[in-house]
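Novice:
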Amino acid sequence: MAVHGSHQLLLENFTNGVTSALDAKSIVPDTASKNGFINSGCRFMNCTICQDMEQIVPVSNPPKETKALFTEAYRHNNRLDYLTQIMGFHPQYLACFIRTQNRLIRADGPIPYTHRHYIAIIAAARHQCTYLVHLHTAEYLHAGGDRKWLESLDNVPVKLRNLQEINRLLAHRPWMVTRKTIESLCRCGRNSWTMSELTHAIVLLAHFHALSSAVFGCGVNFELDDTSGRLLHSDGESNSESDTENNPSDKAAVDTLLDRLQELKNEAEEYSEEEGKRRFESIETQATEYPIVQARNSESGSCSPSSCVKSASKVESSTSHLVDHPEFVYADFAKYKEKDTVLTFRASDCSWETHGFSIANRFYPDIGDLLDEKFRVAKQFTYNTVGEKYTNVNTQDFRTGIWNYIHCIMGIRHDDYDYGRVNSLLEKGLKSFIKLMTCYPERVRQKDFDGIMVGFTYSEKIHVNIILLEAKMQAELMYALRAVAQFMT
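The numbering of the sequence shown is our numbering, which starts it at 1 and goes up by one.
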């Protein structure tokens, strides 16, 4: 995307180290009233992340590699948003993220640009992520999108409106996406989706569902130019079991992980296939026991209106018109499996590496390569540190444990992984937080974030959120692309 006029001047000042919001406002006049495009003048300046203005990569003097990535992000978006700044802690990952998101949103593709932003909006709305809803509403309107589409689902063309079902299923119960789901979109007369279009749409939906979790998990507050955004709630009790009062002290938490990593390094236990299955199901069942404040209807798995005490009414009212069946939320896979005989997704039968990757590339060229790189970097990048003082630590088991635990929550089993390691590596509070962020990200509270990984650095917490983002996205894609493959055969 080319940058012209006052935006070019702002970019030059940005790359030269302009850091004051006042300076930026003096460069770019307020354009908020024009076509709904939000003023870019103060987009990259400050951020209220977890109520600590210092917990963010400074724009004034970032590392050279990070500065180049910030500049690239600004060139594409005419803003440097807070989430990008947070990801700046990990430039190796940020580079992959920017390339992938630009391919999805900016580059040539089967779906028109306005439709891409609309899909981003309805995906983020499923998790009540007003931060992303407002960012892409501005982009949608600036690209010439019809404002009426944002007022009611009834105003949206049937073809786009038909995405609401797969949007709902992928966001909350991806195991329900089947061949029939794909068929209902691809064989419906003149409103049918081509396979290229649908693959693009599926990747967009999964991307923004997972990105919504990252926004909440990192505690991203609204941009300075968006006063109607979603604040990270600091009031009320924690929604997970991650309060610091229930967790070890700073030193004990870090030392405990180091001890467990060393113990597992020395273990080479052999076990049968049946024992491996039992260990997976044990972890799967344990995950259902972590309490979420909002109660659920035991029959339907839906939210009980009388008990939705932790939902912010402001958030619900600002996104409810973009969502169909708002009562449809996550239901524990283990319980769902017992009731509806849904089978565990064995990754060896339809893995991302051997199936999802090739299906994505077949119908949406290059996206499989970009996603594969992003997944691998998220899983593998490391600084070999834990906390402030421990170095030369191999954290691969810890990272793999988080990734596979997220997949376990979503009903995916990796046959070559020993799920007995999960309880050794992930303390109860962290597992509770992971479930909260994977399944109910809109309910996170300040205490939830503060209470996990006590003694670890802020950037290490961001690293965990990146792993969560990518594991969740990959899980959604595995289910959706398996259904695509079944439809094509």
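We put the CB at the ideal spot given by N, CA and C, even for glycine.
1) Taking a contact to mean a Cβ-Cβ separation below 7 Å, would you say A171 touches I119 in this structure?
2) Across the segment 350-365 and the segment 67-87, are there enough close Cβ pairs to call them in contact, namely three or more that are closer than 8 Å?
3) Can you find a CB in chain B that lies within less than 7 Å of the CB of V203?
4) What does DSSP give as the partner residues of R346 in its beta bridges?
5) Span of the alpha helix (DSSP H) holding R279?
6) Quick one: Cα of M437 to Cα of S282, how far?
7) Indicate whether A378 and I462 have their beta-carbon atoms separated by less than 7 Å.
8) Any idea if H321 is buried or exposed, counting beta-carbon neighbours within 10 angstroms, 16 or more meaning buried?
9) With D372 as the anchor, note down where its alpha helix (DSSP H) starts and where it stops.
10) Does the distance from the C-beta atom of A206 to that of E470 stay below 7 Å?
11) Could you tell me which residues DSSP puts in a beta bridge with V578?
12) Count the other CB atoms, across all protein chains shown, that sit within 10 Å of the CB of T194; report buried if there are 16 or more and exposed otherwise.
13) On the three-state DSSP scale, how would you describe V464?
14) Please report the straight-line C-alpha distance between R79 and S60, rounded to a whole angstrom.
15) By the DSSP assignment, the alpha helix (DSSP H) with A138 in it spans what residues?
16) What did DSSP end up calling V254 once you bin it into helix, strand or coil?
17) Going by DSSP in three states, V386 sits in which element: helix, strand or coil?
18) If you follow the alpha helix (DSSP H) that T438 is part of, which residue opens it and which one closes it?
19) I'd like to confirm the pairing. Which residues does DSSP put opposite T391 in its beta bridges?
20) Whose CA, out of C408, V220 and I105, lies closest to the CA of D81?
21) Quick check for students: name the residue ranges of the beta strand (DSSP E) that lie wholly in the segment 132-208, counting only runs of 3 or more.
22) Going straight from the alpha carbon of L425 to that of E273, what length do you get?
23) Looking only at C-alpha atoms, which of C188, T178, F449 and A334 sits nearest to M410?
24) Ordered along the chain, which non-local residues of its own chain (more than five positions away) have a Cβ less than 6 Å from that of T100?
25) Excluding the 5 residues preceding and the 5 following L343 in the sequence, name in chain order all residues of the same chain whose CB lies nearer than 8 Å to its CB.
26) Straight-line CA distance for N394 to V215?
27) Do the CB positions of G542 and G451 come within less than 7 Å of each other?
28) Helix, strand or coil for R445, going by three-state DSSP, please let me know.
29) On the CB-based measure, 16 or more other CB atoms within 10 Å of its CB, does K447 come out buried or exposed?
30) Quick check: H142 and N102, are their CB atoms within less than 7 Å of each other?
31) For A210, which residues from the same chain have a beta carbon less than 6 Å from its beta carbon, with the 5 sequence-adjacent residues on both sides left out?
32) Taking C-alpha atoms, which residue in R173, I86, C439 and T285 lies nearest to N423?
Specialist: Let me lay it out:
1) no
2) no
3) This model lacks chain B altogether; it includes just one protein chain.
4) R413
5) E273 to A287
6) 21 Å
7) no
8) exposed
9) I367 to Q380
10) no
11) Because the chain spans 1 through 489 in this model, residue 578 falls outside it and cannot be assessed.
12) exposed
13) helix
14) 15 Å
15) T130 to H142
16) helix
17) strand
18) K428 to C439
19) T385
20) V220
21) none
22) 22 Å
23) A334
24) L370 and K374
25) K337
26) 28 Å
27) Here the chain has residues from 1 to 489 only, and residue 542 is not among them.
28) strand
29) buried
30) no
31) L469, K472 and M473
32) T285
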